[in-house]
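Numbering (my numbering), first residue to last: 6 to 267. Quick reminder that beta carbons are idealized off the backbone N, C-alpha and C, glycines included. What follows is a set of notes on a single structure, which appears directly below.
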C-alpha cells in the first residue's frame, strides 16, 4: 500500500481493467486510496475482475471493501453508458478519475485487413472511448482527471499496425481537443499515456511476425532490452491522476524506456 493516501475519497473508473495495464492501474490507484471500479466486457472475464479486487484487498488498500467490478462491453453502443450508470448507482457520488484503457490490437498486413477487423478496433479503441467520456461528463467531480491510453504506435508506425496505430493517433488528437474543451467547463485535465511494448497477454499474442519486427527495437531500447511491465505503465497513469498534476493537460506522455522518443 502506498505510504501516502493521496487519492483517499476519490472515485476512479478504469475501462477494460480485468487484465493487463487496466488491472495494474486499478491496483495502483487503489493503493493510493481511491475507490476503484473494475470493468470487464464479458462473463468470461468475471473471474479475472474478481482477482483484481482480491489483489486490492490483499494489498490493504483503505477503500478495498468499496471497490466493485462491473460488466459492460465498451465496444457496444450501450456499454459505456451502462458502465457509468451502474458505477454512479453503486458509489453515489461524482467520478474523480476516468481511465480510458479498453482497447484491442489486431495486427495484419494492409492487404489482409477485413472490414470486421477494422470495425472491431474502431468500435472499441475509438468509439467506446468517446461514448464513455460523453457518458461520464454529467457525473464528473470538479478538479477531475481523464487519462486516455494511446500507444507508441501513434507516433511510430509498424508493419501490420495500420488500423491500430490509426486509432491511437485519433486518441491523441481527441486528448488535445478535450483538454481545451473540458478544462474550462469541468476543471478537468485530459492527458494520454503512450506505452511501448508491454508484457501483457494481449501484446505477446499479437503474432510472431509483429514480435519479430519489433525485436531489434527492443534490443536498442536505452532502458532495455525488455518490454515494460504493466505496473510501470500504471504508475505513469496514476501520476497524471494525482491532485498535484493539475497543471498538466493535453499531454501525451511516452512511457517506453526510450523505445521511441518524440
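Expressed to the nearest angstrom, what Euclidean distance is found between the alpha-carbon atoms of residue i and residue j?
i	j	result
residue 141	residue 100	8 angstroms
residue 31	residue 187	24 angstroms
residue 113	residue 147	42 angstroms
residue 257	residue 197	5 angstroms
residue 104	residue 118	29 angstroms
residue 183	residue 52	34 angstroms
residue 107	residue 45	9 angstroms
residue 98	residue 19	16 angstroms
residue 93	residue 168	33 angstroms
residue 66	residue 37	7 angstroms
residue 64	residue 220	35 angstroms
Let me know the secondary structure DSSP gives residue i once reduced to three states.
i	result
residue 151	strand
residue 132	helix
residue 101	strand
residue 194	strand
residue 120	helix
residue 200	strand
residue 218	helix
residue 40	strand
residue 137	helix
residue 18	strand
residue 23	coil
So, is residue i buried or exposed, given that buried needs 16 or more other C-beta atoms within 10 angstroms?
i	result
residue 12	buried
residue 178	exposed
residue 232	buried
residue 252	exposed
residue 124	exposed
residue 228	exposed
residue 249	exposed
Using a Cβ-Cβ distance under 8 angstroms, would residue i count as near chain B?
i	result
residue 135	The structure shown has no chain B; it contains just one protein chain.
Sequence ranges, beta strand (DSSP E) only - wholly within the stretch 234–263, length at least 3: 257–260
Of all the alpha helix (DSSP H) runs that stay within the bounds of the stretch 42–67, which reach a length of 4 or more residues? 51–63
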